[in-house]
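Under full-length UniProt numbering, the letters of the sequence shown match residues 1 to 285, in that order.
Positions of the beta carbon are idealized from the N, C-alpha and C atoms, including for glycine.
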Amino acid sequence: MYRFEDYDLIIDARSEREYAVDHIPGAINLPVVSNDEYAEVGTLHRTDIMRAYLIGVSYSLKNISRHLDTVIAGRPRHGRVLVYCFRGGKRSRLWFDALDTIGYKVDRLPGGWKGYRRWVNEQLTKLPREFSYVVLSGSTGCGKTRLLDQLEAVGAQVLNLEALASHRGSVIGAIPGTPQPTQKYFDSLLQQKLSTFSPGRTVWVEAESKKIGNVQLPQALLETMHTKGKPVCVNAPMVQRVILWREDYHHFEQDPDAFVSKLASLRSLIGGKEFEVWQEMAEAV
1 MYRFEDYDLI IDARSEREYA VDHIPGAINL PVVSNDEYAE VGTLHRTDIM
51 RAYLIGVSYS LKNISRHLDT VIAGRPRHGR VLVYCFRGGK RSRLWFDALD
101 TIGYKVDRLP GGWKGYRRWV NEQLTKLPRE FSYVVLSGST GCGKTRLLDQ
151 LEAVGAQVLN LEALASHRGS VIGAIPGTPQ PTQKYFDSLL QQKLSTFSPG
201 RTVWVEAESK KIGNVQLPQA LLETMHTKGK PVCVNAPMVQ RVILWREDYH
251 HFEQDPDAFV SKLASLRSLI GGKEFEVWQE MAEAV
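Set out below in structure tokens:
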């Protein structure tokens, strides 16, 4: 069991590209080598290992020196620091040596990100089964997400999957200007959130399908929600639903073509004639 909350600073020593795919939530990216440098050293390693090591260490010392001046300087040395790279190898070792020499209390993550990723996957097969859920269902615009927000504000345990996924969960649920996390980083965020819950208290969650936008929910969570969760249906008058819907999806009022484009995936389900009616209504806004 990892206890990342015990650390005052977590450093991801991998390249920017690796960090963007997934990282420990809360970790900051201070690459030992950049994307281009990592690619260069990796290519050279195939033909000249010693030269690759020399160039890699040169880049690493230069980058660590810069990070020390711009990020680490001024941080109290009594704080605990965790560093990790891909497998817990040379990149995290270089950071460890630098910080240890300065006098920081520093640890390296055993197995690096790869070991962490394996642990996250293991956690997501069992952790969701430890809780009892109240599962909110209901039509779009009934205020399910707002209800979750209010419950969380008064201290309830709330698992807001759509917030973690940066997506509202429907065919039109993409949030303008807010990209979704990668699948791996969504898994990390979900594992982190679940780890904060107490098994003795109810977890409130909204009913979801297998996917929220581009990210997929773990099977253990879906099964537990659907087979053991207590269902609660949330209803609201149509007038109120329209008000809430317009608040959440106001961007479509400025771009009805984008709205129609999103709905096009439903055409085969509702039929071409009904879709044309929807299209005419959208264009009339």
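- Secondary-structure assignment with DSSP links tyrosine 84 through a beta bridge to Asp12.
- Beta-bridge annotation (DSSP): asparagine 29 is paired with Asp12.
- Contact check for valine 234 against alanine 165 fails: the beta carbons are separated by 8 Å or more.
- In the DSSP assignment, the residues bridged to histidine 167 are Ala174.
- Aspartate 12 is not a Cβ neighbour of arginine 80, given a cutoff of 8 Å.
- Under the DSSP definition of a beta bridge, glutamate 206 partners with Leu136.
- As a beta-bridge residue in DSSP terms, isoleucine 212 pairs with Val215.
- Between glycine 173 and glycine 141, the gap from beta carbon to beta carbon reaches 8 Å or more.
- Ranked by how close their Cα comes to the Cα of leucine 147, the residues Gly111, Arg129, Met238 and Glu206 have Glu206 in first place.
- Here DSSP, grouped into helix, strand and coil, assigns aspartate 107 to strand.
- Rounded to whole angstroms, leucine 217 and threonine 125 show a C-alpha spacing of 11 Å.
- Residue environment: glycine 112 is assigned as buried (16 or more neighbouring CB atoms within 10 Å of its CB, all protein chains considered).
- Lysine 230 is positioned such that its CB atom lies closer than 8 Å to that of valine 135.
- Residue pairing from DSSP places cysteine 233 in a beta bridge opposite Ser137.
- Excluding sequence positions up to five before and after isoleucine 28, its CB lies within less than 8 Å of the CB of Leu9, Ile10, Ile11, Asp12 and Val71, all in the same chain and listed in chain order.
- If you compare the alpha carbons of Gly103, Arg66, Arg14 and Lys273 with that of valine 83, the shortest gap goes to Arg14.
- The continuous stretches of beta strand (DSSP E) do not include glutamine 192, which lies in the alpha helix (DSSP H) extending over residues 183-195.
- In this structure, the straight-line span from the alpha carbon of tyrosine 53 to that of serine 65 is close to 18 Å.
- One Cα belongs to arginine 246, the other to serine 139, and the distance between them is close to 14 Å.
- Secondary structure of valine 154 (DSSP, three-state): coil.
- Residue Ser132 holds the alpha-carbon nearest to the alpha-carbon of alanine 156 among Thr178, Glu208, Ser132 and Gly143.
- Within the model, the alpha-carbon separation for valine 239 versus glutamate 253 is close to 17 Å.
- Annotation: the segment 32-72 contains the following complete segments of the alpha helix (DSSP H) (minimum length 4 residues), in chain order: 35-45 and 49-67.
- In this structure, the CA atom of leucine 266 is about 18 Å from the CA atom of tyrosine 249.
- Per DSSP, the unbroken alpha helix (DSSP H) holding alanine 258 starts and ends at 256-263.
- Note that the segment 98-116 does not touch the segment 175-186; fewer than 3 beta-carbon pairs, one per stretch, sit closer than 8 Å.
- For the set Asn121, Ala284, Val171 and Arg91, the Cα lying nearest the Cα of leucine 194 is the one of Asn121.
- Judged by their CB atoms, leucine 61 and arginine 51 are not nearer to each other than the 8 Å cut-off.
- Under the criterion of beta carbons closer than 8 Å, glutamate 208 and leucine 161 qualify as touching, at roughly 5 Å.
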